[in-house]
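Sequential numbering of the sequence shown, starting at 40, is according to this note's numbering.
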Amino acid sequence: MIEEFMDIKIDKIVRSKRKTIGLEITPSAELIVRAPLKASFEELNKVVLKKRTWIERNQRFFKENYNRIKPKDFIDGEEFRYLGNVVKLKIAYDIDVPLILDDNHFHLSNHFIDDARGIFEYWYREQAKKKIDERVAYYSWLMGIESRRVNITNALKRWGSCGTNGNLNFSWRLIMAPLRVIDYLVVHELSHVEVKNHSKEFWSKVERMIPDYRGDEKWLRDNGHFLVL
Ligand SMILES: [Zn+2]
Numbered sequence: 040m041i042e043e044f045m046d047i048k049i050d051k052i053v054r055s056k057r058k059t060i061g062l063e064i065t066p067s068a069e070l071i072v073r074a075p076l077k078a079s080f081e082e083l084n085k086v087v088l089k090k091r092t093w094i095e096r097n098q099r100f101f102k103e104n105y106n107r108i109k110p111k112d113f114i115d116g117e118e119f120r121y122l123g124n125v126v127k128l129k130i131a132y133d134i135d136v137p138l139i140l141d142d143n144h145f146h147l148s149n150h151f152i153d154d155a156r157g158i159f160e161y162w163y164r165e166q167a168k169k170k171i172d173e174r175v176a177y178y179s180w181l182m183g184i185e186s187r188r189v190n191i192t193n194a195l196k197r198w199g200s201c202g203t204n205g206n207l208n209f210s211w212r213l214i215m216a217p218l219r220v221i222d223y224l225v226v227h228e229l230s231h232v233e234v235k236n237h238s239k240e241f242w243s244k245v246e247r248m249i250p251d252y253r254g255d256e257k258w259l260r261d262n263g264h265f266l267v268l
């Protein structure tokens, strides 16, 4: 038995007060095991062995797609995402603003290269707020739901959520996704204003607005990893 799992390398074990053993593959394809304080090595190995197919599939995915997931370098020709399109970056020597988008390119002022990540994030956040506010206003009108306050978050995987006060939260990273995916998430969270769970009633509410919502969920599963800077 031992040889069977020895070839799966655990890169890091993080122990905490959690109750179950969880596995995570990082963008650099490392395996992180999250474990309860007292879990034994044997218990960890058992879980790793059981999840071997999942681990290998995910590690392969991250290795093959590393270029699309790794932190950006902010160099000429590098590709960025905006509303589902791939837009190349040009370093500009003749503009007065830090960052602009025209029909073909992002133009980043050479004076701001050192702060490029912060400047891009700020730009994405502003566009996300504008676009999502607009879509929330539209769909809440269409669905007959009172319009809600929108907060923009920094979440990596939690694309949207609906607070207990009825405020809606969306990650700024969504502005990199196609508009139809943004619309689906807006409708998803607006539906939670009235139905808190993921019951049949909830999904039929979503489906009335977004008939192909399953396609958008799949898009997020397949592409969510790429919505990074
Ligand atoms: Zn939900």
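The beta carbon of each residue, even a glycine, is placed where N, CA and C say it ideally should be.
Keep in mind it's a predicted model, so treat the numbers as computed, not measured.
Residue i (DSSP reduced to helix, strand or coil)
{"i": "V267", "result": "coil"}
{"i": "K244", "result": "helix"}
{"i": "S230", "result": "helix"}
{"i": "V136", "result": "coil"}
{"i": "N204", "result": "coil"}
{"i": "K109", "result": "coil"}
{"i": "E185", "result": "coil"}
{"i": "L218", "result": "helix"}
{"i": "R73", "result": "strand"}
{"i": "H146", "result": "strand"}
{"i": "L83", "result": "helix"}
Residue burial classification, residue i (beta-carbon count within 10 angstroms, cutoff 16)
{"i": "V220", "result": "buried"}
{"i": "S227", "result": "At residue 227 the sequence reads His, which differs from the Ser that was named. Label assigned to H227: buried."}
{"i": "L140", "result": "exposed"}
{"i": "I152", "result": "exposed"}
{"i": "F113", "result": "buried"}
{"i": "D142", "result": "exposed"}
{"i": "R54", "result": "exposed"}
{"i": "F159", "result": "buried"}
{"i": "L195", "result": "exposed"}
Proximal residues to residue i (C-beta, below 6 Å), its chain only, five neighbours per side dropped
{"i": "T192", "result": "N208 and S210"}
{"i": "N149", "result": "I130 and Y132"}
{"i": "R188", "result": "N206"}
Expected contact under 8 Å - CB spacing of residue i and residue j to nearest Å
{"i": "M215", "j": "Y105", "result": "Actually they are not in contact, since the Cβ atoms of M215 and Y105 sit about 18 Å apart, beyond 8 Å."}
{"i": "F241", "j": "V234", "result": "4 Å"}
{"i": "A68", "j": "K111", "result": "Their Cβ separation, rounded to whole angstroms, is 19 Å, which puts A68 and K111 out of contact at 8 Å."}
{"i": "L83", "j": "A74", "result": "6 Å"}
{"i": "R174", "j": "D135", "result": "With a Cβ gap of about 31 Å, R174 and D135 do not count as contacting."}
Extent of the continuous beta strand (DSSP E) to which residue i belongs
{"i": "L122", "result": "Unbroken run through L122: none, as it is neither H nor E."}
{"i": "E173", "result": "From DSSP, E173 is part of no beta strand (DSSP E) but of the alpha helix (DSSP H) over A155 to M182."}
{"i": "G116", "result": "Here G116 belongs to no beta strand (DSSP E), and DSSP marks it neither H nor E."}
Cut-off 8 Å between Cβ atoms - residues of its own chain near residue i, not counting five sequence neighbours on either side
{"i": "W198", "result": "F209, S210, R212, L213, L224, L259 and G263"}
Bounding residues of the alpha helix (DSSP H) (the contiguous stretch that carries residue i)
{"i": "T92", "result": "R91 to E103"}
{"i": "R57", "result": "No alpha helix (DSSP H) contains R57, which DSSP labels as neither H nor E."}
{"i": "L259", "result": "Y252 to N262"}
Close-in-space but distant-in-sequence residues of the same chain around residue i (CB under 7 Å, 5 per side omitted)
{"i": "S230", "result": "F241, K244 and V245"}
{"i": "C201", "result": "L207, E228, H231 and V232"}
{"i": "S79", "result": "none"}
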